[in-house]
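Reading through the structure tokens given below for one structure.
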Ligand code: COA
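Numbering (our numbering), first residue to last: 39 to 296.
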């Protein structure tokens, strides 16, 4: 179905594997187009409860935007490319269904930006994160300057952006870029385990958590007001009635996403 992605659904978890291992899964135009199609599927397919994004092969999650497509771009074309990347990653960040990055190697440039646009990240021990764009006479264009500051804090982000330095998985955990570090063999299994837990919760409430937490970083939104609104909305859901009844009846809740 896709030229550059492998996809599968198992127990409500949709796994998207970026599949250009000979180019370290670099994000070319086709990958971005296909990622958008896969995100349409995530939004429209009721079988999908949550998503893992990972890279093919043992070496890279994604080693960046495809540098071979940069040659000859003028300013307007370069801006359009950055806009396309930012729009795609904003769709990931604002997805109502949880999307987690399983980082299996280099996550550089656009790869680090892709991972940072996911709701959170799990890394294999061999993962390496960085924004090496200044090596190319560039800065990150797919949201990296903003999300790296949000996740790692301004001082560390400034250092990584300006030095083009890389951090390994353990340092990435220390600075807040990733939640867990696992062996490469356990990466997908442990990410799936986290998503199994999330998938057992009330989907509309999970979506409201994503929307409201994202509002912290959106100056056009009042997150506290949004929280009140979303809290109110939950009271008209079947799942809220089911969740509170199940607690009082000392049984496991059976959520329907309604
Ligand atoms: N865009 C296009 N092609 C890329 C790429 C990218 N971002 N990253 C890697 N590749 C390609 C290489 O050109 C090479 O292709 P080839 O075999 O046809 O020559 C292949 O992937 C393997 O990469 P290689 O550099 O040989 O692997 P390595 O183990 O020596 O080095 C990296 C790994 C990640 C350190 C190195 O590939 C690298 O620095 N990549 C670019 C990272 C970057 O600057 N990203 C930001 C882009 S804005």
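The C-beta atom is built at its ideal place from N, Cα and C for all residues, glycine as well.
Let me know the secondary structure DSSP gives residue i once reduced to three states.
i, result
"residue 244", "helix"
"residue 295", "coil"
"residue 283", "helix"
"residue 255", "helix"
"residue 193", "helix"
"residue 81", "helix"
"residue 204", "strand"
"residue 134", "coil"
"residue 236", "helix"
"residue 228", "helix"
"residue 180", "coil"
"residue 219", "strand"
"residue 54", "strand"
"residue 45", "strand"
Measuring only from the beta carbon, is residue i closer than 6 Å to any heavy atom that is part of the ligand COA?
i, result
"residue 155", "no"
"residue 144", "yes"
"residue 28", "In the structure as shown, the chain begins at 39 and stops at 296. Residue 28 is therefore absent and cannot be evaluated."
"residue 115", "no"
"residue 147", "yes"
"residue 73", "no"
"residue 206", "no"
"residue 170", "yes"
Shortest alpha-carbon distance to residue i belongs to which of the options?
i, options, result
"residue 153", "130, 39 and 257", "130"
"residue 81", "103, 284, 213 and 137", "137"
"residue 266", "164, 276, 243 and 277", "243"
"residue 277", "288, 286 and 296", "296"
"residue 119", "250, 70, 84 and 197", "70"
"residue 199", "240, 175 and 245", "175"
"residue 216", "194, 224 and 189", "189"
"residue 95", "249, 268 and 63", "63"
"residue 298", "132, 127, 43 and 60", "Limits of the chain in this structure are 39 at one end and 296 at the other, which puts residue 298 out of reach."
"residue 205", "116, 179 and 163", "163"
"residue 102", "179, 185 and 227", "179"
"residue 75", "147, 45 and 115", "45"
"residue 108", "171, 158, 47 and 53", "171"
Indicate whether residue i and residue j have their beta-carbon atoms separated by less than 7 Å.
i, j, result
"residue 280", "residue 263", "no"
"residue 86", "residue 140", "no"
"residue 56", "residue 88", "no"
"residue 97", "residue 143", "yes"
"residue 161", "residue 219", "yes"
"residue 207", "residue 165", "yes"
"residue 191", "residue 151", "no"
"residue 255", "residue 210", "no"
Cβ-heavy atom distance between residue i and the ligand ATP below 6 Å?
i, result
"residue 256", "The model on display carries the ligand COA but not the ligand ATP."
4-residue-minimum alpha helix (DSSP H) runs that sit fully inside the region 58 to 116, ordered along the chain: Complete alpha helix (DSSP H) runs here, min 4: 67 to 82.
Ranges of the beta strand (DSSP E) found wholly within the region 127 to 172, counting only runs of at least 3: List check, beta strand (DSSP E) in window: 137 to 141, 144 to 146, 158 to 162 and 166 to 168.
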